[in-house]
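Colleague: Take a look at the following structure, please.
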């Protein structure tokens with residue numbers, strides 16, 4: 008794992024840190040575009056994980072309109088902490104993830120690191136596309152979470168004991184699905200240039 012990542016300035020000492028990366032045979036701008044427009048609930052197992060959480064938490068899930076990943080995250084309440092088109096997006100919010108209907112509240116980037124409202128968990132995550140060489144990209148995502156006080160930390164740890172079994176597999180499922188679509192899109196574009 009890299010010694011420093013884009014999340015260091017927002018959550019330097021997290022309670023939870025998960026980082027996943029995959030190599031993709033396509034340039035970063037293609038990979039990032041596919042990733043930001045990817046409908047993550049188009050992956051059947053990801054949709055099943057969301058349905059399972061809703062069932063366990065006894066929440067009625069309203070119908071949703073398919074939309075790209077970043078549009079979906081922003082619609083849920085995630086704020087943009089950093090955006091470098093074609094390369095990096097950092098989303099962040101405060102919430103109480105143990106609640107049945109989680110309400111994500113964006114925090115301005117300048118205030119994020121110092122935010123300390125009681126009984127909250129700050130969560131920040133990345134979507135990263137970095138060049139490895141011609142037509143090769145490392146697609147990565149990292150998520151960090153930190154509670155703002157001892158009470159929130161206790162509640163978050165109880166929640167995380169079971170929730171991680173759904174949250175972590177979502178990353179395992181999404182990255183290969185994005186890779187497959189980006190590589191297919193790049194092959195089609197390259198074939199069109201050759202023809």
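Numbering (my numbering), first residue to last: 8 to 202.
Virtual Cβ for every residue (Gly too), placed ideally from N, Cα, C.
1. Is residue 101 near residue 111, with beta carbons less than 9 Å apart?
2. Using beta-carbon positions only, say whether residue 151 and residue 14 come within less than 9 Å of one another.
3. Quick one: complete alpha helix (DSSP H) runs, 4+ long, within the stretch 99-134?
4. Buried or exposed for residue 158, please, with buried defined as at least 16 other CB atoms from any protein chain shown within 10 angstroms of its CB.
5. Keeping to the same chain, check which residues put their C-beta closer than 7 Å to that of residue 41; ignore five residues upstream and five downstream.
6. By Cβ distance below 8 Å, which residues in the same chain neighbour residue 54 in space, the five residues on each side in sequence not counted?
7. Assuming residue 104 and residue 128 form a contact by the criterion Cβ under 8 Å, report the distance between their Cβ atoms to the nearest whole angstrom.
8. Relative to the alpha-carbon of residue 80, which residue among 131, 138, 68 has its alpha-carbon at the smallest distance?
9. Pull up the distance between the alpha-carbon of residue 162 and that of residue 114, whole angstroms please.
10. When the Cα atoms are used, what is the spatial distance from residue 125 to residue 197?
11. Would you list the one or two residues that DSSP bridges to residue 185?
12. DSSP state of residue 65, grouped into three classes?
Modeller: Based on what the coordinates show:
1. yes
2. yes
3. 116-119
4. exposed
5. 185, 188, 189, 192
6. 48
7. 6 Å
8. 131
9. 21 Å
10. 52 Å
11. In DSSP, residue 185 forms no bridge with anything.
12. coil
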